[in-house]
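**Student:** Numbering (UniProt numbering), first residue to last: 1 to 406.
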């Protein structure tokens, strides 16, 4: 799959801004307050069906009560739910932003659903802050987890206008998908310790004493006592039904609780989907490695079989040559025996006086030996030795040493 160069912003300092109950809220630092909030953006633009893969993440330093060493909280924006994305440059940012950036680029996200809050997997829920600064950050996290519109301020000129325009077009097509990069898997978050989805509890309401305590130098005036006018005796007193105990606020609270539970389930399913996609990517890599290994082994087996076939064929050729050589030698020996027999028979049939004292017979010449046996054919000399011992003629036939035919 052909891809164009990716658009990447890696952990740059950022400030988050959102609207809550009609007021503008800003979060610029975490806990500790000298540690900046970080923003990461990655977009891979593909040429297949205009599908893009994106990753948006905000990292906020945080101190958990059951994790004194310190860690952090991550807010992820699911690309599925990004309804619109806009960017703009501000030469005169708000006062809360000027402390970090003189000139900035703001990124505006409009979402169809809420963001996902991720915490380390070894942190217990509900999340409890270790100190007051983290408590304020926790209240901000609760608000951020319930909004669908947020603005992120980053340093100006981190990306060119063309790249920002490419991000806007990808979001506008609604063909953007979560990144399949294994490094973005929640199992590798927080120094490979893994993360999990968390539901941030709402801030606790102030105590009764604090809520009812008035500022100093406040004059309290009691309302005037009104006179009660009694009705005439002839008029019966007005009666009405007892008011219902379940007020509209209680119904709204119950509905809100159910909605929060449903949203928690949806976020858990989204996390499971992200994890399954990461596992699927790992399985794809493993299958690809196994296929390459299988191809390598198949090539080695083919080479081994080819080498083995060549060796066997050479051995068979050598065995055939040896068999042909032995056949030629056997034929030569049989021909020599026939000649010896014929010669002796002729000599004895002509009388003992015609047998010479020493007779040498040569076997057939090379011309009479088959071509296939010629390289291994030996010319054999036969000596017939006739001797007289005490008046008795004795004939001895000897086969001389073989000499190779040249």
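Just so it is clear, CB atoms sit at the ideal spot from N, CA and C, and this is done for glycine as well.
Every value quoted in this text rests on a predicted model; they were computed, and no experiment measured them.
(1) So, at 8 Å on beta carbons, what are the nonlocal neighbours of residue 142 in its own chain, with the 5 sequence-adjacent residues on each side left out?
(2) Determine the DSSP secondary structure at residue 11, reduced to helix, strand or coil.
(3) How would you label residue 255, buried or exposed, when you count the other beta carbons within 10 angstroms and need 16 or more for buried?
(4) Which stretch, first to last residue, makes up the beta strand (DSSP E) that contains residue 195?
(5) Is the stretch 27–44 close to the stretch 92–112, with three or more CB pairs under 8 Å?
(6) Just to confirm, are residue 14 and residue 63 a CB contact at a threshold of 8 Å?
(7) Consult DSSP for residue 46 and reduce its assignment to one of helix, strand or coil.
(8) Within a Cβ cutoff of 7 Å, which residues of the same chain sit near residue 173, ignoring the five residues on either side of it in sequence?
(9) Along the chain, where does the alpha helix (DSSP H) containing residue 144 start, and where does it finish?
(10) Considering Cα atoms alone, identify which of 195, 279, 133 and 151 is closest to residue 35.
(11) On the criterion of 16 or more Cβ atoms from any shown chain inside 10 Å, does residue 105 qualify as buried, or is it exposed?
(12) Within 8 Å, do at least three Cβ pairs link the stretch 77–90 to the stretch 121–130?
(13) So, at 7 Å on beta carbons, what are the nonlocal neighbours of residue 65 in its own chain, with the 5 sequence-adjacent residues on each side left out?
(14) Could you say which of 182, 145 and 113 lies nearest to residue 284 if we only look at CA atoms?
(15) Look at the Cβ atom of residue 149, then the Cβ atom of residue 18, and state whether they are nearer than 8 Å.
(16) With H, G and I counted as helix, E and B as strand and the rest as coil, what does DSSP make of residue 106?
(17) Among the candidates 295, 322 and 197, whose CA atom is the shortest distance from the CA of residue 268?
(18) Quick one, are the C-beta atoms of residue 77 and residue 53 less than 8 Å apart?
(19) Taking the alpha-carbon positions, what's the residue 436 to residue 180 distance?
(20) Please state the DSSP three-state secondary structure of residue 28.
(21) Tell whether a beta-carbon distance below 8 Å holds between residue 156 and residue 103.
(22) Use the C-beta contact count for residue 311: other C-beta atoms within 10 angstroms, 16 or more gives buried, fewer gives exposed.
**Tutor:** On the basis of the data shown:
(1) 200, 201, 202 and 203
(2) strand
(3) Exposed.
(4) Under the DSSP assignment, residue 195 falls in the beta strand (DSSP E) whose first and last residues are 195–197.
(5) yes
(6) no
(7) strand
(8) 50
(9) 132–144
(10) 133
(11) buried
(12) As far as the Cβ criterion goes, the stretch 121–130 does not touch the stretch 77–90, which means the pair count is below three.
(13) Only 128, 129 and 130 meet the Cβ criterion.
(14) 182
(15) Yes; because the gap between Cβ atoms is below 8 Å, this pair is in contact.
(16) strand
(17) 197
(18) Note that the C-beta distance between residue 77 and residue 53 is not below 8 Å.
(19) Residue numbering for the chain in the displayed model covers 1 to 406; residue 436 lies beyond these limits and cannot be assessed.
(20) coil
(21) With contacts defined by Cβ atoms closer than 8 Å, residue 156 and residue 103 form a contacting pair.
(22) exposed
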